[in-house]
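The block underneath contains the structure these notes are about, expressed in structure tokens.
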Amino acid sequence: MIGRRVPLGYAILCSELMSKRLIVLSSTPLPNVWANSSQLVKTCEALSRAGVLLELWAQGKTNKEEVFLYYRVRTKFPLRLFPFKRKGERTVFSGHLSYNSAVIRKLRIEYRTHGSFDLYTREVIFWPTLVVARLLWGSHIFFEVHRVTPRNWYD
0 MIGRRVPLGY AILCSELMSK RLIVLSSTPL PNVWANSSQL VKTCEALSRA
50 GVLLELWAQG KTNKEEVFLY YRVRTKFPLR LFPFKRKGER TVFSGHLSYN
100 SAVIRKLRIE YRTHGSFDLY TREVIFWPTL VVARLLWGSH IFFEVHRVTP
150 RNWYD
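Numbering-wise, the sequence shown is residues 0 to 154 according to numbering that gives the first Met the number 0.
Set out below in structure tokens:
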């Protein structure tokens, strides 16, 4: 970053992130054509290149190499794809709750095997997971906001 000014908030965020493992949560199936998933993967690539120890957790049924090829990732980072299966017809609310409970179970295993971690997400649907992680494991929460007012309560 020679010759570029770095905002103070960004510098503080990077120093905070580099002290612990960061798990990036996404409910978006990868790969897909939507711009938000592309931006998420590219953000993970940039943070990884900056020295942040991170791992992206997302839905997906393909292998990691297909995701990296699809998004043209040059700096690879740890990626876990979960084949989350929704059983039958569910409302948006029950689908989000079942996905959150699955992620919380996986985070509990992660905490027991690898120790503490911090969480980063851009999705409001993870608020139950974020609350549980903060209360039970003391995880720092990094939440990226894109809209001042959501379209729906779960958005």
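Where is the CB? At the ideal position from N, CA and C, for every residue including glycine. Keep in mind that this is a model prediction, so the values were computed, not measured.
- DSSP, read as helix, strand or coil, puts Ser25 in strand.
- For Arg48, the enclosing alpha helix (DSSP H) stretches over residues Ala34 to Arg48.
- Between Ile22 and Phe116, the gap from beta carbon to beta carbon is short of 9 Å.
- Ala57 is bridged by DSSP to Leu80.
- Taking a contact as a CB-CB distance under 8 Å, the pair Leu118 and Ile103 does not count as one, their CB atoms being some 11 Å apart.
- In this structure, the CA atom of Val123 is about 9 Å from the CA atom of Val144.
- Under DSSP, Phe141 forms a beta bridge with Tyr119.
- With fewer than 16 other Cβ atoms inside 10 Å of its own Cβ, Ser100 counts as exposed.
- For Leu80, the closest alpha carbon among the candidates Arg71, Tyr70, Arg20 and Pro30 is that of Pro30.
- Spanning the alpha carbons of Pro82 and Leu68 requires a straight line of approximately 19 Å.
- Only residues of its own chain outside the window of five on either side were considered, and among them Val23, Leu53, Leu55 and Phe76 have a CB closer than 7 Å to the CB of Cys43, listed in chain order.
- The beta carbons of Gly59 and Val66 sit about 7 Å from each other, so the pair counts as a contact at 8 Å.
- Phe125 and Val131 have their alpha carbons spaced roughly 10 Å apart.
- If you draw a 10 Å sphere on the C-beta of Thr112, you find fewer than 16 other C-beta atoms in it, and that means exposed.
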